[in-house]
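Chains as they are written, first to last, in the numbering used here: chain A, 63 to 289; chain B, 63 to 289.
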DNA sequence: ACAAAAGTGTTAAGCCTACACCCATGC
DNA sequence: GCATGGGTGTAGGCTTAACACTTTTGT
């Protein structure tokens, strides 16, 4: 077996929706290379550790969440020979979707971690270290695409949510407004997308809204439509 | 940098449509582990070689094709610590779609390479070495899904093709019959999916059919519908 | 009462499905 | 002529997009 010298890492695109905007968790690098630049959280895979285990461990370290219930999926692997000046490092990127956390981001590296508007970062391709701009772009595009045909948007929501909160997720991720009335009808009519919790809330103002939780559907027929 | 001992490889899911059926290129392993078992073609990434370069090199070796014009895309990365009995090997899987080759499969390893019905292999989860059953399943599912919303089906066709040949691709990959008349209308009306070549052929029998080549579209609006 | 947000009804346009039907070739 | 596949037309059902309208709360 030719085991050439090689580092294996995972990088995380951790997304949330806060204040109606799509935000990504970035850390400011305290050590070279790219010292002082923003980067995606990530770290090396330990011996005998599965890739997804690494990603969940990093996620827990960065967000302070026990990452059991967080949606996490692999996006792509980046392995250009010169992508890391320290040597050959191949990175497997994961996408994590978290609800708007009531608790602040806390963890060992948290002093330098913050939520940043994803669109702002995507508007400036030079702001991130390494090839993290490309990784972020791929992760966001994955999220945007999956909202169409999967019930993934609920991963951004707390366990119980209103239809308009769910709509807020779509509007933030896609960056466009949706008709509240047609959205409501479509979501509630798609089988097993959401299920009524039987309770209501007035936290969004106006008439009390029914609360829902995730349904059992894994794909949406018909899909949600973007613009 | 902690460069633990680690192998990095790529494995290829090479698909084609022959005789109206979806087929995958497999090799019979001549050496342990899994000697004598079927496996996906693949090999180790060389020092300073990009991942996709490795995949294209393997593709050329296995199919004898100069792989420039072949559709190739990354699917996922598999890194369970025990997936290879020889040690820690992480594999990046690629999906390749090739036209029905007039030339036989030829190459250094070709003596043991053959086209096998994908559905047959997917019916028996124990036939492939390593975790290649999972990789194949993921690759085929990717292909099936992408036919819906991308013009990817043309990657299975020669440079010029008829609408019914294109329909044959859909029917083989999805494993279900489609209405020839509605399919024809939909394909030719979707902007930039296919463009008329201006010539006709009678190679499929019956009335001469127009020949087309790929259009410039990258996504299909509206998508093709499965079942 | 008024503002605000939830939720329902309606209508016109577009898309999909199914199938009848005609066209152009080889034999 | 007849078989074979290519290609067009059309009617009914379903989905969507746009928006009028009613409901239920907080202030």
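Using N, Cα and C, we set each Cβ at its ideal position, and we do this for glycine too.
When the five nearest sequence neighbours on each side are left out, the beta carbons in the same chain lying within less than 7 Å of the beta carbon of residue 128 of chain B are those of 122, in order along the chain.
Cβ neighbours of residue 154 of chain B within its own chain (closer than 6 Å, five residues either side excluded): 72, 113 and 139. Membership of residue 115 of chain B in the alpha helix (DSSP H) is indicated by the continuous run 113–125.
Residue 138 of chain B is bridged by DSSP to B:155. Ranked by how close their Cα comes to the Cα of residue 204 of chain B, the residues B:219, B:157, B:231 and B:179 have B:157 in first place.
When 7 Å is used as the limit between beta carbons, residue 66 of chain B is near these residues of chain A: 109, in chain order. In this structure, the CA atom of residue 279 of chain A is about 16 Å from the CA atom of residue 228 of chain A. DSSP, reduced to helix, strand and coil, places residue 80 of chain B within a strand of the structure shown.
Linking residue 135 of chain B to residue 77 of chain B through their CA atoms gives a straight-line distance of about 12 Å.
Boundaries of the beta strand (DSSP E) harbouring residue 275 of chain B: 271–276, taken from the DSSP string. Shown here for residue 141 of chain A: same chain residues with a beta carbon closer than 6 Å to its own, the five before and five after excluded, namely 152 in chain order. Taking a C-beta cut-off of 7 Å against chain B, the contacting residues of the segment 137–159 of chain A are 138, 139, 141, 142, 143, 148, 149, 152 and 154, listed in chain order. The residues 233, in chain order, have a CB closer than 8 Å to that of residue 239 of chain A in the same chain once the five nearest residues on each side in sequence are set aside.
The bridge partners DSSP lists for residue 90 of chain A are A:100.
Classified as buried, residue 208 of chain A has 16 or more neighbouring CB atoms from the shown chains inside 10 Å of its CB. Classified as exposed, residue 186 of chain B has fewer than 16 neighbouring CB atoms from the shown chains inside 10 Å of its CB.
DSSP places residue 258 of chain B in the strand class (E or B) of the three-state scheme. The beta carbon of residue 83 of chain A sits closer than 6 Å to the beta carbons of 179 and 234 from its chain, once the five residues preceding and following it are set aside; these are given in chain order. Legend: CB atoms of the segment 67–96 of chain B lying less than 8 Å from CB atoms of chain A belong to residues 67, 68, 69 and 70.
In this structure, residue 226 of chain A keeps its C-beta atom at 8 Å or more from the C-beta atom of residue 88 of chain A.
By the 16-neighbour rule on beta-carbons within 10 angstroms, residue 93 of chain A is exposed. With contacts defined as CB atoms closer than 8 Å, residue 275 of chain A and residue 217 of chain A fail to qualify as a contacting pair. Residue environment for residue 268 of chain B: exposed (fewer than 16 other C-beta atoms within 10 angstroms of its C-beta). For the C-beta of residue 185 of chain A, not a single chain B residue is nearer than 9 Å; the gap to the nearest is close to 22 Å. Think of a sphere of 9 Å around the beta carbon of residue 113 of chain A: the chain B residues whose beta carbon falls inside it are 139, 140, 141, 142 and 152, in chain order. Counting C-beta atoms within 10 angstroms of its own C-beta, residue 224 of chain B has 16 or more neighbours from the protein chains shown and is therefore classed as buried.
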